[in-house]
Amino acid sequence: MPTGLTMAQKILGSHGVEDVVPGAFGRAAVDLVLVNEVSGSLALREFAKMGAERVFDPAKIALVADHFVPAKDAISAELVATLRRFARDQEIEQYWEVGATQEAGIEHTLLAEVGLIAPGEFIPGGDSHTCTYGAFGAFGTGMGSTDIAAAMALGEVWVRVPESIQVTYEGVPGPYVTGKDLILAYIRSAGVSGATYASLEFGGAAVRGLSVDERMALCNMAVEAGAKTGFVAADEVTLEWLEGRVEGRDVSRFDADPDAEYAARVSLDLDGMGPLVACPPSPGNVTDVAELEPVHVDQVYVGNCANGTLTDLRQLAQMLEGRTVAPGTRLIVVPATQAIKRQALREGIIDTVLEAGGMVSAPTCGACFGGHMGIIAKDEVALATTNRNFRGRMGHHESHVYLANAYVAGAAAVSGEIIDPAQVLGR
Amino acid sequence: MSGTIEGRVVRLGDDVNTDNILPGPYLNLTDPAELGEHLLETYDTEIAARVQPGDVLVAGLNFGMGSSREQAQVALQARGVAAIVAAGFARIFLRNCINVGLPAIESPQASAALRDGQTVRIDQAAGLIECEGHSWQVPPQPPFLEELIGAGGLVPWVRRQLRDDTSRRTGR
Chain V
0 MPTGLTMAQK ILGSHGVEDV VPGAFGRAAV DLVLVNEVSG SLALREFAKM
50 GAERVFDPAK IALVADHFVP AKDAISAELV ATLRRFARDQ EIEQYWEVGA
100 TQEAGIEHTL LAEVGLIAPG EFIPGGDSHT CTYGAFGAFG TGMGSTDIAA
150 AMALGEVWVR VPESIQVTYE GVPGPYVTGK DLILAYIRSA GVSGATYASL
200 EFGGAAVRGL SVDERMALCN MAVEAGAKTG FVAADEVTLE WLEGRVEGRD
250 VSRFDADPDA EYAARVSLDL DGMGPLVACP PSPGNVTDVA ELEPVHVDQV
300 YVGNCANGTL TDLRQLAQML EGRTVAPGTR LIVVPATQAI KRQALREGII
350 DTVLEAGGMV SAPTCGACFG GHMGIIAKDE VALATTNRNF RGRMGHHESH
400 VYLANAYVAG AAAVSGEIID PAQVLGR
Chain P
0 MSGTIEGRVV RLGDDVNTDN ILPGPYLNLT DPAELGEHLL ETYDTEIAAR
50 VQPGDVLVAG LNFGMGSSRE QAQVALQARG VAAIVAAGFA RIFLRNCINV
100 GLPAIESPQA SAALRDGQTV RIDQAAGLIE CEGHSWQVPP QPPFLEELIG
150 AGGLVPWVRR QLRDDTSRRT GR
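Listed in order, the protein sequences are those of chains V and P. Counting with numbering that gives the first Met the number 0, you get residues 0 to 426 for the letters of the first sequence. Counting with numbering that gives the first Met the number 0, you get residues 0 to 171 for the letters of the second sequence.
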């Protein structure tokens, strides 16, 4: 007897996958392929080895130099140059590089901002956080360089149809709780492999109430639970945001069928929950900020594809207003895109950061993955709004990273410790 | 799948992430040998130093969690790692292994039993892992993956696809 379909099944089914029973294999046509200079460094080589000469459709490739830009050193510059040449040779107009193109920044925030992500689309990307596009009801999923090379050559990738897990948030959380905390709450409950290969569908009033920026933070870390992707079904909030961004494209809303089959249904109670923090060395090592023993932080880092949005910068500024960065602590702010940085400038947020004693960089993946622009020393502790805190992630292998939202980051910047933002601003 | 692999076990734990297999700062390297030098560097320097060509990494749950970086596979292959046996693999890491032709075998039983320094024999055609008189059966791969692995990975598979497309178009 035919049953209803999940969001993942619907999207794969509409992209050429014949059998959408979970576990089935098929080939899915792609709406867009994302490549950066790091995944590109191998993907372009594999593309050539495949005997491919031209990409399947230049209009469906997005090339973003974002990890080591502005180029950290000569070998990084070579990676960017290689990507730039590929764009030119293949006549790919969708190429972005900070300083070279007006719009630029961290790939996932950027592609959404420039209107390349719409509900129902299937978008593999050479970066594990491609699952961020679930915030718009799109099927974004991270893949390695060889997959991405195949996608550029053929316009399709091999897929295994995922099981789906429905995650429903109940209740009303306390103050200073954001999309970041919703996903940390899920990872705390599921663990770092609890959703391996599955597609997550996030719902409940708390999710519906999130802005697009916070939905991106939520879906961004689906992979930290092992998931293939994580969705928020498009609604009025999505459509309002997409208006003017994705003109002439189908942005029809859709949701899972009411009788869709789920491998599991998870309900998470947020009632009274405060901000959370993932302690080193795992995104699954989650505790309430209020329950954490005071930890001194050497560095606060606000940025990355999860939490470098205007919403995050506004939250940070709220904490910094009229205060200064604590002695013995430094604050590094990395707006995710040039547009976000420009708007933050207009709103006085950049001034607030600078007046507090912090620094603001160009958009880059930067220190999030240990690349550059804020690497931490042996025994140092960072509080970051990023998505991974593995051993050595932001620097020396004996350094430590805590993950939290931008309010907690702001509170850490002004107090020098990981504390509840309510201690700075009150409830 | 075909071929038999025999190698020394290098034992690793649960949730080994790709940052620890190949750390982020080295993602601007492209030379396989250079990438190989940094294999497992932030996981454990002692283990990193003794990985030899032909070794079989044996890990616990969720091996390869995290980043999609295929530089991890490049580093593993550059150091001559013959296969990885794990209780479970993270999704993107497993895809990457299949795509580049690095044998990644899921066997919670073998993972639980195998010890550092033992010699393990993997008969890929028979789906059998053997060590010191014990053996563990591995379920066959789904037909699609069998085909992909049999082709030698995704590069030869796509090359064939592109060739077929060209001959269809040109009628040759």
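Even for Gly, the Cβ is constructed at its ideal location relative to N, Cα and C.
Check                                                                                                                                                                                 : Outcome
Once DSSP output is grouped into helix, strand and coil, what is the label at residue 509 of chain V?                                                                                 : Because chain V is modelled from 0 through 426, residue 509 of chain V falls outside the range shown and cannot be assessed.
So, is residue 337 of chain V buried or exposed, given that buried needs 16 or more other C-beta atoms within 10 angstroms?                                                           : buried
Any Cβ of chain V within less than 8 Å of the Cβ of residue 39 of chain P?                                                                                                            : no
Mark residue 283 of chain V as exposed unless 16 or more other C-beta atoms lie within 10 angstroms of its C-beta, in which case mark it buried.                                      : buried
Along the chain, where does the alpha helix (DSSP H) containing residue 305 of chain V start, and where does it finish?                                                               : 303-306
Comparing alpha-carbon positions, which option in V:126, V:329 and V:201 lies nearest residue 359 of chain V?                                                                         : V:329
When you compare the CB of residue 0 of chain P with every CB in chain V, is at least one pair closer than 8 Å?                                                                       : Note that residue 0 of chain P scores a pLDDT of 48, beneath 50, so its modelled location is shaky; the value from the coordinates is reported in the next line. No, no contact with chain V.
Determine the contact status of residue 386 of chain V and residue 128 of chain V, defining contact as a CB-CB distance below 8 Å.                                                    : yes
Return the residues of the segment 53-74 of chain P that lie within a Cβ-Cβ distance of less than 8 Å from chain V, sorted by chain order.                                            : 60, 61, 64, 65, 66, 67, 68, 69, 70, 72 and 73
With 16 as the cutoff for other CB atoms within 10 Å, does residue 37 of chain P come out buried or exposed?                                                                          : buried
Output, in chain order, the set of chain C residues within a Cβ distance shorter than 9 Å of residue 74 of chain V.                                                                   : Of the protein chains in the structure, V and P, none is chain C.
Can you tell me which residues form a DSSP beta bridge with residue 156 of chain P?                                                                                                   : BP columns for residue 156 of chain P are empty, so no partner.
Identify the continuous alpha helix (DSSP H) that holds residue 423 of chain V and give its terminal residues.                                                                        : 421-424
For residue 89 of chain P, would you say it is in contact with chain V, using Cβ-to-Cβ distances shorter than 8 Å as the test?                                                        : yes
Which of the residues in the segment 187-198 of chain V, read from start to end, lie with their CB under 7 Å from any CB of chain P?                                                  : 191, 192, 195 and 196
Which of the three DSSP states is assigned to residue 145 of chain V in this structure?                                                                                               : helix
Please list the partners that residue 137 of chain P has in chain V, where partner means a Cβ-to-Cβ separation under 9 Å.                                                             : Under the 9 Å cutoff, chain V gives no residues; its nearest Cβ is about 17 Å from residue 137 of chain P.
For a quick check, are the C-beta atoms of residue 126 of chain V and residue 38 of chain V less than 8 Å apart?                                                                      : yes
In whole angstroms, what is the alpha-carbon distance linking residue 291 of chain V and residue 181 of chain V?                                                                      : 18 Å
For residue 145 of chain V, go through chain P and note every residue whose CB falls closer than 8 Å to its CB, in chain order.                                                       : 69, 95, 98, 99, 152, 153 and 154
On a Cα-Cα basis, can you pick out the residue from V:179, V:7 and V:353 that is closest to residue 196 of chain V?                                                                   : V:7
Quick one: which chain V residues come within Cβ less than 7 Å of residue 160 of chain P?                                                                                             : 153
Excluding the 5 residues flanking residue 10 of chain P on each side, which residues of the same chain have their C-beta closer than 6 Å to its C-beta?                               : 57 and 115
Any contact between the segment 117-128 of chain P and the segment 72-89 of chain P? By contact I mean 3 or more CB pairs, one from each, below 8 Å.                                  : yes
On a CA-only basis, which of V:316, V:248 and V:119 is nearest residue 228 of chain V? Give me that one, please.                                                                      : V:119
Would you call the segment 143-154 of chain V and the segment 153-161 of chain P touching, i.e. three or more CB-CB distances under 8 Å?                                              : yes
Please check if any C-beta of chain P sits within less than 8 Å of the C-beta of residue 377 of chain V.                                                                              : no
Compute the beta-carbon to beta-carbon distance between residue 261 of chain V and residue 398 of chain V, rounded to the nearest angstrom, for a pair I have assumed lies under 8 Å. : About 40 Å separates the two Cβ atoms, so there is no contact after all.
Could you check how far apart the C-beta atoms of residue 255 of chain V and residue 200 of chain V are, in whole angstroms? I think they sit under 8 Å.                              : 6 Å
Residue 26 of chain P and residue 66 of chain V: beta carbons closer than 8 Å?                                                                                                        : yes
Span of the beta strand (DSSP E) holding residue 130 of chain V?                                                                                                                      : That residue, residue 130 of chain V, is in no beta strand (DSSP E); it is neither H nor E in DSSP.
Let me check understanding here. Comparing Cα to Cα, which of P:53, P:8, P:2 and P:23 lies closest to residue 389 of chain V?                                                         : P:23
Hey, quick one: how far does the beta strand (DSSP E) through residue 168 of chain V stretch, first residue to last?                                                                  : 163-169
Is it right to say residue 377 of chain V is buried, meaning 16 or more other beta carbons lie within 10 angstroms of its own, or is it exposed?                                      : exposed
Look up residue 64 of chain P in the DSSP assignment and say whether it is helix, strand or coil.                                                                                     : strand
Is the separation between the beta-carbon of residue 12 of chain V and that of residue 158 of chain P shorter than 8 Å?                                                               : no
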